[in-house]
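Step one of this worksheet: look at the structure below.
2 protein chains.
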Amino acid sequence: MATRTEAESGRRPPGETATRILDIAEELVQVRGFNGFSYADVARRLKITNASLHYHFHAKADLGSALVERYRRRFIESLGAIDHEAGRADARLAAYVRLYADVFRSQRMCLCGMLAAEYQTLPAGMQELIVDFFDENESWLARVLEEGASEGSLALDGPPRERARALIGGLEGAMLVARPYDDVERFSAIASQLTSGLAARADGSGAAATAMDEFSRRA
Amino acid sequence: MATRTEAESGRRPPGETATRILDIAEELVQVRGFNGFSYADVARRLKITNASLHYHFHAKADLGSALVERYRRRFIESLGAIDHEAGRADARLAAYVRLYADVFRSQRMCLCGMLAAEYQTLPAGMQELIVDFFDENESWLARVLEEGASEGSLALDGPPRERARALIGGLEGAMLVARPYDDVERFSAIASQLTSGLAARADGSGAAATAMDEFSRRA
DNA sequence: GTCTATAGGCAGATAGAC
DNA sequence: GTCTATCTGCCTATAGAC
Chain Y
935 MATRTEAESG RRPPGETATR ILDIAEELVQ VRGFNGFSYA DVARRLKITN ASLHYHFHAK
995 ADLGSALVER YRRRFIESLG AIDHEAGRAD ARLAAYVRLY ADVFRSQRMC LCGMLAAEYQ
1055 TLPAGMQELI VDFFDENESW LARVLEEGAS EGSLALDGPP RERARALIGG LEGAMLVARP
1115 YDDVERFSAI ASQLTSGLAA RADGSGAAAT AMDEFSRRA
Chain U
935 MATRTEAESG RRPPGETATR ILDIAEELVQ VRGFNGFSYA DVARRLKITN ASLHYHFHAK
995 ADLGSALVER YRRRFIESLG AIDHEAGRAD ARLAAYVRLY ADVFRSQRMC LCGMLAAEYQ
1055 TLPAGMQELI VDFFDENESW LARVLEEGAS EGSLALDGPP RERARALIGG LEGAMLVARP
1115 YDDVERFSAI ASQLTSGLAA RADGSGAAAT AMDEFSRRA
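Residue numbers (the working numbering), protein chains in the order written: chain Y, 935 to 1153; chain U, 935 to 1153.
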């Protein structure tokens, strides 16, 4: 049960059980919050005992940190994939919005958005990692916005980092307020408004139809 | 200790102790979340026993509902006050943004924003009240946007309710992502971007300086 | 790695005296 | 209205057998 999936995904510091713990805990945190789930919840779903969990993650704070760490890493990897696949900056921005839409569709909150709400109750280690997550998102997005402005695919008015922050806040907020309605359309309608102001303008006021509009509509 | 402050504030279905319980619990929820505080926390701060709390609010769910009810009522009252005081729609929008800025400045999350994150873990009664809060905010804001468009103080492109939803999401999200940084400027910078797109345009692209910009800058 | 057993504390909640 | 005392259950965490 231990020597099987080692070669399946390359890197795996956490063992297979640890990975499954992270998977379950991740969903629980995204749905219920860090203060809204317990080791017992994870143990029940994994059909393992509470004590076994502590073997893999000594304390809940350790599990929490591992959770944010993995989520952050995967998110950054997704950004790398977007850079690799998509061409124009407006398409990359649209893909970024789709990352959030995908999370919302799975009826979860963004892990770090949820933890931002609970921020003041979290262990210091988790707090630092959460800040890292937002900082790195901001850097990536700011770069996309700048490149979009350079190549003419995005209309950027204002400092890119400030615009990036507003976008991240807007997307997190869209998830948050659409949550009680459990309605993807509600999320998407907000998201498309966030990006429509960045659509490159052919004329004075109206936003031209771009690949980005296409994407964010369908997100 | 009971017959003193009765005439101080007019209406008071909850007694004085109940009011103080609500005050303390409100802060706790806005900072720590509904799942992040306990009756014992409130009891400690109020210097009263756990059992006494149950006299005023039979179960935690009842306290939670009373909390949302009061927050909603007060928020709506604030909107009424804005309607009464402020003249132009852009000034009313700016005042609306200031409501959120004031909450953020007190190092709290919007009560209903916090509860939106925890939504799926909350008692049904609280869930309904939270939806009411957002619905009423949306209605009020949509009306302001429409009036702004009519009188020419706001540039409204798109359905007012959709724009209202995006604004609410943007403000809640701004609070959320600025939280880990504990930085009012970070909140305000996002908020001003949310409203700048609505500033009435004198010419084609640049946003004119209006009372709204003034307010949201200083918020 | 997983288990049983258990510690020690805190959660929400109730009974009944004052 | 507030108290003491108490219940039951869940929480995080540990010891030690297998």
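A virtual CB, placed ideally from N, CA and C, is assigned to each residue, including glycine. It should be emphasised that the depicted structure is a prediction, and the values quoted were computed from it without experimental measurement.
- request: Could you name the residues of chain Y that U/E1052 contacts, counting a contact when the two beta carbons are closer than 7 Å?
  value: Near U/E1052 (Cβ distances below 7 Å), the residues of chain Y are G967 and G970.
Residue range of the unbroken alpha helix (DSSP H) whose run includes Y/A1129: First, the amino acid is wrong: residue 1129 of chain Y is Thr here, not Ala. Counted as a single uninterrupted DSSP element, the alpha helix (DSSP H) harbouring Y/T1129 occupies residues V1118 to S1130.
task: From the DSSP output, read off the bridge partner residues of U/A1015.
output: None; U/A1015 has no bridge partner.
task: Decide if the region 1017–1032 of chain Y is in contact with the region 962–977 of chain Y; the criterion is three or more beta carbon pairs, one per stretch, under 8 Å apart.
output: Touching, no.
field: Secondary structure of Y/A1020, DSSP reduced to three states
entry: Note: Y/A1020 maps to coil in three-state DSSP.
message: Does the CB of Y/L1001 have a neighbour CB from chain U at under 9 Å?
response: It does not: the Cβ of Y/L1001 has no partner Cβ on chain U nearer than 9 Å.
message: If distances are taken between C-alpha atoms only, which option among Y/E1011, Y/G967, Y/D1024 and Y/I955 comes closest to Y/A1089?
response: Between Y/A1089 and the set Y/E1011, Y/G967, Y/D1024 and Y/I955, the nearest pair of CA atoms involves Y/D1024.
- request: Kindly indicate if chain U contains any beta-carbon less than 9 Å away from that of Y/G1086.
  value: Not closer than 9 Å to any Cβ of chain U, the Cβ of Y/G1086 fails to qualify, so no.
query: Is Y/L1090 helix, strand or coil by DSSP?
result: Reduced to three states, the DSSP call for Y/L1090 is coil.
message: Rounded to the nearest angstrom, what separates U/G1068 and Y/H992 at their Cα positions?
response: For the sequence presented, residue 1068 of chain U should be read as Phe rather than Gly. When rounded, the distance between both Cα atoms is 41 Å.
- request: Please go through the same chain and pick out, in chain order, the residues whose beta-carbon is closer than 6 Å to the beta-carbon of U/M935, but skip the five residues on each side of it.
  value: A caution first: U/M935 carries a pLDDT of 44, below 50, which makes its placement in the model too unreliable to give a value.
- prompt: With a Cβ-Cβ cutoff of 9 Å, do U/L1132 and U/L1033 count as a contact?
  reply: For the pair U/L1132 and U/L1033, the CB atoms are not nearer than the 9 Å cut-off.
message: Looking at U/I955: is its Cβ nearer than 9 Å to the Cβ of U/L1013?
response: Not closer than 9 Å, so no.
query: In chain order, what residues of the same chain lie with their CB nearer than 6 Å to the CB of U/R1039, ignoring the 5 residues before and after it?
result: Taken in chain order, the residues that qualify are V1118.
task: Compare the C-beta of U/F1068 against all C-beta atoms of chain Y and say whether one is closer than 9 Å.
output: Judged by the 9 Å Cβ criterion, U/F1068 is in contact with chain Y.
- prompt: Using the beta-carbon of each residue, which ones in chain Y are nearer than 8 Å to U/P1114?
  reply: Result: A1050, Y1053, Q1061, I1064, V1065 and F1068.
9 Å Cβ cutoff met for Y/G1021 and U/G1104: In this structure, U/G1104 does not lie closer than 9 Å to Y/G1021 by Cβ.
query: Can you name the residues of chain U whose CB is closer than 9 Å to the CB of Y/A1076?
result: Within chain U, not a single residue places a beta-carbon under 9 Å from that of Y/A1076; the smallest gap is close to 13 Å.
message: I want to see whether chain U comes within less than 9 Å of Y/A1133, judged by CB atoms only; does it?
response: False, the Cβ-Cβ gap to chain U never drops below 9 Å.
Own chain, CB closer than 7 Å to Y/T951, minus 5 neighbours either side, in chain order: Around Y/T951, the same chain offers H990 as residues with beta carbons nearer than 7 Å, after the five sequence neighbours per side are excluded.
Alpha helix (DSSP H) runs contained entirely in the region 999–1075 of chain U, provided each spans 4 or more residues: Along the length of the region 999–1075 of chain U, whole alpha helix (DSSP H) runs at least 4 residues long occupy 1023–1039 and 1045–1051, reported in chain order.
C-beta neighbour in chain U for Y/A1028, strict 9 Å: Output row for Y/A1028: interface = no.
- request: State the beta-bridge partners of Y/A1133 as determined by DSSP.
  value: Y/L1088, per the DSSP bridge assignment.
field: Touching by the beta-carbon criterion (3+ pairs, under 8 Å), the region 1043–1062 of chain U and the region 962–969 of chain Y
entry: Of all C-beta pairs linking the region 1043–1062 of chain U to the region 962–969 of chain Y, three or more are shorter than 8 Å, placing the two stretches in contact.
task: May I have the straight-line CA-CA distance separating U/S1086 from U/P1094, to the nearest angstrom?
output: Before going on, a small fix: residue 1086 of chain U reads as Gly here, not Ser. Cα to Cα, U/G1086 sits roughly 14 Å from U/P1094.
field: Contacts of Y/L1110 in chain U (Cβ-Cβ under 8 Å)
entry: Under the 8 Å cutoff, chain U gives G1047, A1050, A1051, G1103, E1106, G1107 and L1110.
Check whether Y/V1031 and U/Y1115 have beta carbons under 9 Å apart: In this structure, U/Y1115 does not lie closer than 9 Å to Y/V1031 by Cβ.
- request: Put U/F968 into one of helix, strand or coil per three-state DSSP.
  value: In the structure shown, U/F968 sits in a helix (DSSP, three-state: H, G or I).
query: Between U/I1124 and chain Y, is there a C-beta pair that is closer than 9 Å?
result: It does: the Cβ of U/I1124 has a partner Cβ on chain Y nearer than 9 Å.
Length of the line joining the Cα atoms of U/V1111 and Y/A1050: Their Cα atoms are separated by approximately 7 Å.
- prompt: Is U/A959 helix, strand or coil by DSSP?
  reply: U/A959 falls in the helix class under three-state DSSP.
- prompt: Among Y/S1084, Y/M1109, Y/V1078 and Y/R1113, which has the Cα closest to the Cα of Y/E1096?
  reply: Distance check between Y/E1096 and each of Y/S1084, Y/M1109, Y/V1078 and Y/R1113 places Y/V1078 closest, using alpha-carbon atoms only.
- prompt: Is U/A1100 close to chain Y, meaning its C-beta is less than 9 Å from at least one C-beta of that chain?
  reply: Yes, contact with chain Y.
- request: Under 7 Å Cβ to Cβ from Y/A977, same chain only, skipping five residues before and after it: list those, please.
  value: If we look at Y/A977 and ignore the five residues flanking it on each side, its Cβ neighbours are T983, N984 and L987.
query: Expressed to the nearest angstrom, what Euclidean distance is found between the alpha-carbon atoms of Y/F1009 and Y/V1037?
result: Just so you know, the alpha carbons of Y/F1009 and Y/V1037 end up roughly 11 Å apart.
- prompt: Whose Cβ in chain U lies nearer than 9 Å to the Cβ of Y/R978?
  reply: Against chain U, a Cβ distance below 9 Å from Y/R978 picks out nothing, because the smallest value is about 16 Å.
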